[in-house]
Every structure is written in C-alpha cells, then in structure tokens.
Amino acid sequence: MSENGKPTAILVLKDGTVLEGMGVGATGDAVGEVCFNTAITGYQEILTDPSYAGQIITFTFPHIGNVGANDEDIETSNLAASSGVRGCILKADITNPSNYRAARHFDRWLRSRGIIGLAGLDTRALTRLIREKGMPDGIIAHHPDGKFDIPALLEKARRWSGLIGLDLAREVTTGQSYGWNEAQWKWGKGYEAGHDLKYKVVAIDFGIKRNILRCLTSVGCDVTVVPADTKAEDILAMNPDGVFLSNGPGDPAATGEYAVPEIRKLVASGKPVFGICLGHQMLAIALGAKTEKMHQGHHGANHPVKDYTTGKVEITSMNHGFTVARESLPADVEETHVSLFDGTNAGLRLKGKPVFSVQYHPEASPGPQDSHYLFERFVKLIEDSRG
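Residue numbers 1 to 387, in the UniProt record's numbering, belong to the letters of the sequence shown in order.
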C-alpha cells in the first residue's frame, strides 16, 4: 500500500472491472491481453519468452520471485532486449531470493526490463474469470502514490485493438542475421559451445527462444538466425540442409501476410522444414489450413499431448492463444499430435515431404523435456534428405 493507504497497482479490464493490489517492478501503465500460466517453475523464462509479447501474465503458482533472477534463464535472443511482455500478476508479495543461482532480486529485475507487476491479487478468482469469459483485454498500472485516473485507464484499454489482426513478430524479431553456437545447459558447467555441427540450419526468428537454438545446436545443427521478413530466395541462397520456423507472438494470420508466401516457397524447395508454435500455425496456413482465436489459450508446463505417430503421451510446455482449426487441414496434411486437454491440434506433417511442426514447445524452458525427440526427428529428416 502507499503512504496514504491506497493500493499502488491496479488492473482495469475492458468491461470496467477494477482489481487492486500492490505494485512491483516498473512503474507506469501498459495495455495487453490478460492470460494465466499454470507452470510452477520458470517464471523468468516465461517473462522473457517473446511469444508473450502483448500479454499480461497471471501466474497461478502463488510464490513467484522467491528464487530471484539471473542472466542464464533468459529466453530472448538478446539478453538486454525486451520480450514484449506487458505485465505480470502475482498472488504473494516478492520475498528475498533464496537460491544459489540468484544474482538479482526479482523486483529489481522486473524494473530493469520495464515489466509492470501487481502483487497481492486473488489470482484464483482472476483465473476463473478468464476460464469463464475468455482472455480479456486490460491495462495494468503501477504508481507508488496510489493515484489512478481509472476512467482514462479504462478508455486506453478499450481503445487497444487486441491481438486479433496484430503482427507482433516485427517487434521481437532480430534486426540482423547472426550465427548461434551455444548448446544446452549442463549441471556445474552452464552453457557449453556446440561441437560436431554438421547440419546447416537457417532459423527464421518470429520471436525465437534461446533454448530452441540450444536444442538445435545440441543435435548437431550449425544455426544461422535470420529476421522474420527474410525472403525465401535469400534463405535458399545460404544452401541450408533444413529450415526452422520459430515461435512468436500475435496473430498468425497477420504475420502470415508476409511470412506465408515465403514459407510456401521453402516447402516447395524440398528442404526439410520444422516449425514450432507460431511457426506451426503459419506453416498450417501455408499448406491451406486456417487458424482461430482460442477462448482461454494454453499457457503452462503441464499440458498432455498425444503423438499419433508413436502412440505415446508426453507432458509439454505450451504458450499460445491461437490454434490451427483441425477441420480445415487439407487432405495432404496429416494431424500428428493432439492436446489431451481439449482435443485441439498440436502437430502436423505434410505427406510426401520432410515438413512437420508442433503447436507446443519441445525445448521446454520451463517445462518437461519429454519432447526433445522432435529435434532429433528434424535431424533425421535432414539426413534422409541428404541421402
């Protein structure tokens, strides 16, 4: 509370609902779509995942910030870059860190990244509201003096366009191409350089996570990352063994206006193509399917998915508010994975070509590592294509 006993942070939803709490992190206000995430670990990875650009994240796990923050658990490709996350909502106040890897207090880390936080809210009630009514647009505000112009904040929230029709990949993609040579984290060693990198892969950055790049490197890929609007001709001129379509934020149909025509050319080239999340959605559009907005989305590290190609069930990390409409998949596209929570599409492959994608995040970070096999599947397609 402020010195005058007033709340120092509020969340104003587009329908006029006002929720109060204690401000943490950066000051000011930010508008976005309010979602909830059910992961119990990895809050730093979540808040630096570019896929969350334009969103305000409600954490259902009550203790967020208790292990502090460090420079290793950041998922933006640039350590200093903003992920585009608009804010975060917490149940409990942030405690002092209690972890040997902590390098900074979580509150100071939020401030350094410009993320506005609201603590002390009944996150269970807000989660129920989202489940019943869908992900609302709203504005989060933090002012230490507790003075808020609620009508002005409400008007700002109502003027925001929302995520439908919004291309956010341009906000989080890299400004120039770069090479990557960092493999996965190992206990006591940290991140080591990759070795025996025999597969040349071009990764299109629509909001790529660092651990995706690490997973590619760990299976022998020599990765070059290129901006979201890179032309297919320029990618093919690099003579890659395979092409990767990354995760990212926003409406896939909006980003697809410039990305989908290039993806079609890449598919037609015969090169192996692997897509994740936004990359999966835009690949589906390129193959003739459609995407649609979800009611509450999938955000967490505990989502069960069935792989029809093996019959196995894996627990996955998910983060998406749009989905591929499974009934729109054309005849030459096979559904390979499905969510066991709600039956929505979670993977596909193009019959007769080395092209596949998944809706979830096999790199985890945070989340289980059940799905790391997909990177090996990509490399196997590259080997078969070479042969």
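For each residue, glycine too, the CB sits at the ideal point set by N, CA and C.
Inter-residue CB distance, residue i and residue j (contact presumed, cutoff 8 Å)
i, j, result
"residue 410", "Phe206", "No information on residue 410 is available, as it lies outside the stretch 1 to 387 that the chain covers here."
"Thr291", "Ala253", "6 Å"
"Val305", "Ser357", "Contact doesn't hold; Cβ gap of about 13 Å is too wide."
"Ile89", "Ile57", "7 Å"
"Ile46", "Pro368", "Actually they are not in contact, since the Cβ atoms of Ile46 and Pro368 sit about 15 Å apart, beyond 8 Å."
"His299", "Cys35", "5 Å"
"His295", "Thr316", "That belief does not hold up - the Cβ atoms of His295 and Thr316 are roughly 19 Å apart, past 8 Å."
"Lys156", "Val31", "6 Å"
"Val243", "Val273", "5 Å"
"Leu118", "Val12", "Not confirmed; about 11 Å, so no contact."
"Thr344", "Thr323", "5 Å"
"Leu197", "Cys221", "6 Å"
"His142", "Thr8", "6 Å"
"Ile99", "Gly68", "Note that residue 99 corresponds to Asn in the displayed sequence, not to Ile. At roughly 6 Å, the Cβ-Cβ gap stays under 8 Å, so Asn99 and Gly68 are in contact."
DSSP beta-bridge partners of residue i
i, result
"Met282", "Answer is none; Met282 lacks a bridge partner."
"Arg104", "Ala69"
"Cys221", "Tyr199"
"Asp205", "Pro227"
"Ile263", "Answer is none; Ile263 lacks a bridge partner."
"His143", "In DSSP, His143 forms no bridge with anything."
"Lys306", "Val313 and Val338"
"Gly275", "Leu245 and Ser357"
"residue 396", "With the chain represented from 1 up to 387, any question about residue 396 goes unanswered, as that position is not in the structure."
"Gly190", "Lys186"
"Arg210", "For Arg210, which the question treats as bridged, DSSP gives no partner whatsoever."
"Arg386", "Note: Arg386 sits in no beta bridge, so no partner."
"His299", "Asn319"
"Glu292", "Thr323"
"Asn345", "Val338"
"Leu350", "Val333 and Val355"
Of the listed residues the options, nearest to residue i (C-alpha basis)
i, options, result
"Gln55", "Leu287, Gly297 and Phe244", "Gly297"
"Phe106", "Val24, Trp185 and Leu236", "Val24"
"Pro362", "Phe356, Asp370 and Val355", "Asp370"
"Ser177", "Lys91, Ala125, Lys231 and Leu154", "Lys231"
"Arg326", "Ala346, Ser317 and Asp307", "Ala346"
"Val355", "Thr336, Thr344 and Gly343", "Thr336"
"Asp122", "Glu20, Thr38 and Arg113", "Glu20"
"Arg108", "Ala26, Gly5 and Val18", "Ala26"
"Leu166", "Ala53, Tyr373, Glu182 and Phe59", "Ala53"
"Leu329", "Ala183, Ala284 and Ala237", "Ala284"
"Met318", "Tyr360, Asp342 and Pro366", "Tyr360"
"Gly16", "Ala141, Pro151 and Arg101", "Pro151"
"Val225", "Ala237, Val219, Val201 and Glu233", "Val201"
"Ala193", "Gly28, Ile204, Asn181 and Tyr199", "Asn181"
"Glu262", "Asp137, Ala228, Lys198 and His320", "Ala228"
"Leu129", "Asn239, Thr60 and Ile382", "Thr60"
"Ala331", "Glu314, Gly288 and Asp145", "Gly288"
"Arg86", "Gly162, Lys198, Arg214 and Lys312", "Gly162"
"Lys271", "Asp307, Cys277 and Glu233", "Glu233"
"Leu348", "Thr127, Gly250, Met282 and Lys189", "Met282"
"Ile10", "Glu257, Asp145 and Ser385", "Asp145"
"Met238", "Lys186, Ser269 and Thr38", "Ser269"
"Ala259", "His320, Pro7, Leu168 and Leu153", "Leu168"
"Lys380", "Val219, Lys312 and Val172", "Val219"
"Glu334", "Arg104, Glu314, Asp307 and Arg101", "Asp307"
"Gly175", "Thr255, Ala301, Thr95 and Ala81", "Ala81"
"Gly51", "Arg101, Ile64, Glu33 and Gly65", "Note that residue 51 corresponds to Ser in the displayed sequence, not to Gly. Residue Glu33 is the option with its Cα nearest to Ser51."
"Asp137", "Gly250, Arg158 and Gly190", "Arg158"
"His320", "Gly84, Gly250 and Ile382", "Gly250"
"Asp241", "Arg386, Gly275 and Ser83", "Arg386"
"residue 388", "Thr48, Asp71, Asn37 and Gly28", "Residue 388 lies beyond the stretch modelled for the chain, which goes from 1 to 387, so this question has no answer here."
"Gly84", "Arg101, Thr173 and Phe148", "Thr173"
"Ala286", "Lys293, Val267 and Ile276", "Val267"
"Arg113", "Thr48, Ala39 and Pro62", "Thr48"
"Asn96", "Gly188, His63, Arg111 and Tyr199", "His63"
"Phe341", "Arg170, Gly134 and Glu314", "Glu314"
"Ala40", "Thr255, Ala301, Arg377 and Ile140", "Contrary to the premise, residue 40 reads as Ile rather than Ala in this sequence. Here the closest residue by C-alpha is Ala301."
"Asp384", "Gly190, Tyr199, Ile235 and Gln44", "Tyr199"
Minimum Cβ-Cβ distance from residue i to chain C less than 8 Å
i, result
"Gly28", "Judged by its chain identifiers, the structure shown contains no chain C, having just a single protein chain."
Meets three-Cβ-pair contact criterion under 8 Å: the region 197-213 and the region 65-76: yes
Taking only runs that begin and end inside the region 76-131, name each unbroken alpha helix (DSSP H) of 4 or more residues, in chain order. 106-112
Run through the region 8-74 for me and flag every whole beta strand (DSSP E) of 3 or more residues, listed as ranges in chain order. 9-13, 18-25, 28-37 and 55-59
So within the region 310-340, which uninterrupted beta strand (DSSP E) runs reach at least 3 residues, ignoring any that extend past its ends? 312-324 and 333-339
Could you say if the region 118-135 and the region 87-103 meet the contact criterion of at least three C-beta pairs nearer than 8 Å? yes
Give the list of continuous beta strand (DSSP E) stretches no shorter than 3 residues that lie fully inside the region 157-183. 178-180
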